[in-house]
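First residue of the sequence shown: 607, per my numbering; consecutive thereafter.
Cβ atoms here follow ideal geometry from the backbone N, Cα and C, with glycine treated the same way.
Encoded as structure tokens, the structure appears first; notes follow it.
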Amino acid sequence: MENTGKMKITIWGCRGSMPTPGIEKNKYGGNTSCVQIENGNSCLIFDGGSGIQELGITLHPDIREVNILLTHLHIDHIMGLGYFQPFYNPNCTINIWGPSGSSETLINRLRRYFSPPFFPVRFKELSAKINIYEIDNSTFNIDDFTITSEYLCHPGATVGYRCELGGSVVSFMPDHEPSLGSSDFPNLTEWCSGYNIAKEADLLFHDGQYSTEEYERRVGWGHCSVSDAIDFATLSKVKKMVLFHHDPAHTDIQLERMVDKSIQNKNIGFDLSIGKENDVFHLQ
Ligand SMILES: [Zn+2]
Ligand SMILES: [Zn+2]
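Here it is in structure tokens:
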């Protein structure tokens with residue numbers, strides 16, 4: 607297939623912290639962080655949470671190249687990697703991007719996950735050809751995409767990604783606590799964590815884990831209230847925001863009530879939705 611200049615974006619997992627199957631959470635889904643962006647034959651996968659398993663099953667068995675962009679190494683963002691079929695395909699090349707850490711290389715941090723007793727298969731035993739790229743505040747190209755990464759306010763080395771193609775922009779920051787980064791949040795763009803990544807995006811996937819009351823008891827945990835996510839998206843002048851990283855304790859009904867309450871008395875100048883597994887978006 608020719609590259610089309612269009613992006614097809616699919617949510618494979620939007621739960622935070624840990625997978626949560628269950629009838630009360632079926633509507634928005636229980637798999638952890640994973641979003642795919644396609645353009646023709648180009649396949650970009652943001653995060654390797656439990657949602658990546660199902661994604662792997664849907665890929666063509668002869669697929670030759672896959673790109674995985676990790677925001678950080680918290681377990682909910684990498685726990686699906688060992689179950690991603692292309693890792694066991696010797697004809698497939700897998701390029702993995704992820705943040706530089708101060709203490710250990712990216713490959714060594716991945717080796718910790720791909721090793722007993724956590725996982726039976728060691729990293730060196732995977733069949734695919736694997737290339738590892740450490741990034742920080744970087745700009746790079748993958749096929750026709752231009753990707754920008756920047757460190758975000760979240761415990762441990764964590765980046766957000768800005769993915770551009772043909773004038774359209776998707777921003778991905780599933781774990782983010784922007785109110786901690788600036789003394790004057792949400793009024794100042796300067797020094798606001800994540801602003802450069804989200805600025806005027808067509809589609810922003812953003813942390814919205816907590817209600818305002820929950821967040822007050824969890825300041826510094828690295829996540830965001832729905833209210834702060836809305837303020838951040840307003841400051842960044844995005845066109846659409848999809849709330850992401852749903853708390854594992856929240857049922858579908860609780861999630862909807864929390865968002866309804868958070869938008870009361872707010873003048874929202876963009877399209878807002880709750881992230882939902884299997885939702886698909888198209889950008890020109
Ligand atoms: Zn997370
Ligand atoms: Zn995290």
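- Relative to the Cα of Asp877, the nearest Cα in the group Lys846, Asn871, Val865 and His856 belongs to Lys846.
- One alpha carbon belongs to Ser721, the other to Phe729, and they sit about 7 Å apart.
- Inter-segment contact for the segment 816 to 831 and the segment 743 to 757 is absent: fewer than three beta-carbon pairs are separated by less than 8 Å.
- In the assembly as shown, Leu794 is an exposed residue. Its beta-carbon has fewer than 16 other beta-carbons within 10 Å.
- For Asp853, the distance from the CB to the nearest heavy atom of ligand 1 is not below 7 Å.
- About 6 Å separates the Cβ atoms of Val844 and Ala804, confirming a contact at the 8 Å cut-off.
- Taking C-beta atoms under 8 Å as the contact rule, Gly654 and His683 qualify, at a distance of about 7 Å.
- Of the residues assessed, Phe724 falls on the exposed side of the cut-off, its CB having fewer than 16 other CB atoms within 10 angstroms.
- Taking 7 Å as the cut-off, the C-beta of Gly828 counts as close to a heavy atom of ligand 2.
- Around the C-beta of Glu731, fewer than 16 other C-beta atoms lie within 10 Å, and the residue is accordingly described as exposed.
- Less than 8 Å separates the beta-carbon of Ser639 from that of His851.
- Where Tyr757 is concerned, the enclosing beta strand (DSSP E) starts and stops at Phe751 to Tyr757.
- In this structure Gly686 is in contact with Gln659, their Cβ atoms being roughly 5 Å apart against a cut-off of 8 Å.
- Contact residues of ligand 2 (beta-carbon closer than 5 Å to any heavy atom; chain order) are His680 and Asp781.
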